[in-house]
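Position one of the sequence shown corresponds to residue 2 (the numbering used here), numbered consecutively onward. So the structure is just underneath, and the comments pick up after that.
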Amino acid sequence: MYSGPFDVLLGMIANRRLELTEVSLSAITGEFIRYVRGLDFGGAAKDGMDEASAFIDVASVLIEAKSASLLPADVSGEHDESSMEALRERDLLFARLLQYRAYKEASHVLRERMAHASGRYPHPGVVDDRIRGMLPELDWNVGPDELAWIAARAIAAAPTDRVSVHQLHVPLVDLREQSRLVMTRLVALGEGGSSTFDELTADASGRIETVARFLALLAFFKQGAIQFRQDGPYSPLHVRWVWIDGAPVKAVLVTDGMIEEGEGA
């Protein structure tokens, strides 16, 4: 964790409720010197000497800077070279102290975020050993210029905002139109008139239209709009539209997931 002379200086400034300025450094010089005198550097030889040197170095800068600020200036109002050097050392100490405080505050923020995310774990990507052995080794021989050219080509070939639909499947048969055709033909026969299934599909362009018209008959039969008659197995299938009170009954045209209300009139 953070420790040492800079941490002590920040603690003293905070205890006095002072802002971190050159003036506050001068105000706590005496307190810092007393703190250094009371330290026990009797630990490990090297660690103890390093810590003592760090505290003594900071203390010497504070003492020299405070002494320079108390010395009178010459007739021209300027300090001598030694005094100016002491003040420069103080400014450098102040800058290092500001940097230390910034790093310390950043460490607190990172610690809080790590604690907040302690319950989250990344999902590692796993490749089966058998598959890993089949992967070729990466031969990276592309330089920055080639990489920029590849990126430019990829961006230029990016899809536009318009979505192309040319690859979508287009229905081969319009079920609604086939249903309407069957209804129109049966109603046109009049009350009591009938037609065979072969006649209804005689002009179909292919098997898919035949299936569509058969589905239309099933939908109309389910609604009670048509009636079937077949004299025997494999005999022609006769179909007629149902009329009530001299008018054809209403029916619903069925399509792919859509229905449209219509009537046999």
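No residue lacks a Cβ here, since even glycine has one placed at the ideal position from N, Cα and C.
Query raised in the report: Just checking my contact of Ala55 with Pro6 at CB under 8 Å: how many whole Å lie between their CB atoms?
Result: Within the sequence shown, residue 55 is the residue found at index 54, counting from 1. Within the sequence shown, residue 6 is the residue found at index 5, counting from 1. With 8 Å as the limit, Ala55 and Pro6 qualify as a contact, their Cβ atoms being about 5 Å apart.
Query raised in the report: How about the region 181-199 and the region 215-231: do they share at least three Cβ pairs that are nearer than 8 Å?
Result: yes
Requested in this report: Would you kindly work out how many angstroms separate the C-alpha atoms of Trp141 and Arg102, rounded to a whole number?
Outcome: Taking the sequence shown and counting its residues from 1, the one referred to as residue 141 is at position 140. Taking the sequence shown and counting its residues from 1, the one referred to as residue 102 is at position 101. Approximately 43 Å between the Cα atoms of the pair.
Query raised in the report: Distance, Cα to Cα, Leu254 vs Ala158?
Result: Start at 1 with the first residue of the sequence shown, and residue 254 comes out as number 253. Start at 1 with the first residue of the sequence shown, and residue 158 comes out as number 157. Between Leu254 and Ala158, the C-alpha separation is close to 45 Å.
Query raised in the report: What first and last residue would you give for the alpha helix (DSSP H) that runs through Gln179?
Result: By 1-based counting over the sequence shown, the position of residue 179 is 178. Residues Leu176 to Ala189.
Query raised in the report: Straight-line CA distance for Ala266 to Ala155?
Result: Counting from one through the sequence shown, the residue named residue 266 turns up at place 265. Counting from one through the sequence shown, the residue named residue 155 turns up at place 154. Caution applies to Ala266, whose pLDDT of 41 falls short of 50 and renders its modelled position unreliable; the value that the coordinates give is listed next. Straight-line Cα distance between these residues: approximately 59 Å.
Requested in this report: Please report how far the alpha carbon of Glu261 lies from the alpha carbon of Phe222, in whole angstroms.
Outcome: Locating residue 261 in the sequence shown gives position 260, where the first residue counts as 1. Locating residue 222 in the sequence shown gives position 221, where the first residue counts as 1. Caution applies to Glu261, whose pLDDT of 41 falls short of 50 and renders its modelled position unreliable; the value that the coordinates give is listed next. Cα to Cα, Glu261 sits roughly 16 Å from Phe222.
Query raised in the report: In chain order, what residues of the same chain lie with their CB nearer than 6 Å to the CB of Leu94, ignoring the 5 residues before and after it?
Result: Reading the sequence shown from its first residue, position 93 is the one you call residue 94. Result list for Leu94: Val62, in chain order.
Query raised in the report: So, is Ser196 buried or exposed, given that buried needs 16 or more other C-beta atoms within 10 angstroms?
Result: Taking the sequence shown and counting its residues from 1, the one referred to as residue 196 is at position 195. Classification of Ser196: buried, given that the 10 Å Cβ count is 16 or more.
Report task. Could you spell out the range, first to last residue, of the beta strand (DSSP E) harbouring Arg230? Result -> In the sequence shown, counting from the first residue as 1, residue 230 sits at position 229. First-last of the beta strand (DSSP E) with Arg230: Ile227 to Gln231.
Requested in this report: Decide yes or no for the touch test of the region 202-209 against the region 234-253: beta carbon pairs closer than 8 Å, at least 3 of them.
Outcome: Contact check between the region 202-209 and the region 234-253: fewer than three CB pairs, one atom from each, fall below 8 Å, which does not count as touching.
Query raised in the report: If we call anything under 8 Å between Cβ atoms a contact, is Leu136 one with Leu176?
Result: Taking the first residue of the sequence shown as position 1, residue 136 is located at position 135. Taking the first residue of the sequence shown as position 1, residue 176 is located at position 175. No, the pair does not count as a contact, with Cβ atoms beyond the cut-off.
Query raised in the report: Just to confirm, are Val174 and Ala213 a CB contact at a threshold of 8 Å?
Result: Residue numbering aside, residue 174 sits at position 173 when the sequence shown is read from its first letter. Residue numbering aside, residue 213 sits at position 212 when the sequence shown is read from its first letter. Their beta carbons are under 8 Å apart, which means Val174 touches Ala213 by this criterion.
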